[in-house]
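Right, one structure below, let's go through it.
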Amino acid sequence: MIAPSILSADFASLGTEIDAITGSGDGRADWVHVDVMDGHFVPNLTIGLPVVESLLKRTELPLDCHLMIEDPDRWAPGYAEAGAHNVTVHVEAARDPVMLAKNLRAAGAKAGLSIKPNTPLEDHLDTLRHYDTLLVMSVEPGFGGQSFIPEVLDKVRTARRLVDTGHLTLLVEIDGGINADTIEQAAEAGVDCFVAGSAVYGADDPARAVAALRDRARA
Ligand code: DX5
Ligand code: ZN
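Heads up: the sequence shown at position 207 corresponds to 207 in the working numbering, and the numbers run straight through without jumps.
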């Protein structure tokens, strides 16, 4: 699956930017990745619930909301209640990640847990079984256009192994620095869903970029 991140899109034209990846065939995105940043958990400030609510009315594609915010226990369920398909919180920020996953699911969303590049996965394996998605960050969260950190693929391999041996049921997602050069190694490590911001919205034709990434991931 390919989830273009609108962080690299034109914020003045988000509707048409999403239309560009809503066609048919391999150029159609599977999810739209929405980066919510609060200026505290990460040193950047982007968009919040009102914009997500407008996007939900505007697009039929499932919204994959990645909350890079403090106190997700308080704020994340609102995104699920609004209708986001997937609501992902950071393990470094959540006070009670198990309760939070339950609240997200009760509100009708899939629950995602994200982990920063330097956070060990081993410390959170017990929590993971309450989640539907593991979002492995392959850059420090906060900005698009950074370089891929290959060391995080060990976490992808660990998660893949736990899923393939029936110990966990979740999608493995990767976010940061994914492009035509890096996607193959991520696919090989066992990623199910690839977030790509600058590689899609920095391209002249976002749909072609989505199709090209899909093609490389299958290689
Ligand atoms: C970074 C965000 C990413 C970002 C990825 O904190 O979580 O989703 O948009 O951008 P690229 O694909 O350009 O690294
Ligand atoms: Zn993201």
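Using N, Cα and C, we set each Cβ at its ideal position, and we do this for glycine too.
Note that the coordinates shown come from a computational prediction; the quantities given were computed from them, not determined experimentally.
- Short of 6 Å from the beta carbon of A211, and not among the five residues preceding or following it, lie these beta carbons of its own chain, in chain order: D26, G27.
- Closest by C-alpha distance to G142, out of A3, D204, V34, is V34.
- Rounded to whole angstroms, the gap between the alpha carbons of A207 and E122 is 37 Å.
- Relative to the ligand DX5, the nearest heavy atom lies less than 8 Å away from the CB of F143.
- Closer than 8 Å to some heavy atom of the ligand ZN: that describes the Cβ of S5.
- In the three-state reduction of the DSSP assignment, D19 falls in the helix class.
- Take the alpha-carbon of V163 and the one of H130: they are about 13 Å apart.
- Between L7 and G112, the gap from beta carbon to beta carbon reaches 9 Å or more.
- Rounded to whole angstroms, the Cβ separation of C65 and T88 is 7 Å, and the two are in contact under 8 Å.
- Rounded to whole angstroms, L104 and A76 show a C-alpha spacing of 7 Å.
- Between L128 and L153 a beta carbon distance of about 17 Å is seen, past the 8 Å cut, so the two are scored as non-contacting.
- As computed with DSSP, P4 is found in a beta bridge with A196.
- Measuring C-alpha to C-alpha distances from K110 to each of P4, D205, A82 identifies A82 as the nearest.
- Excluding residues up to 5 positions away in sequence, P77, A80, E81 lie with their Cβ nearer than 7 Å to the Cβ of A107 in the same chain.
- Under the DSSP assignment, K116 falls outside any beta strand (DSSP E); it carries neither an H nor an E label.
- Judged by their CB atoms, D73 and A94 are nearer to each other than the 9 Å cut-off.
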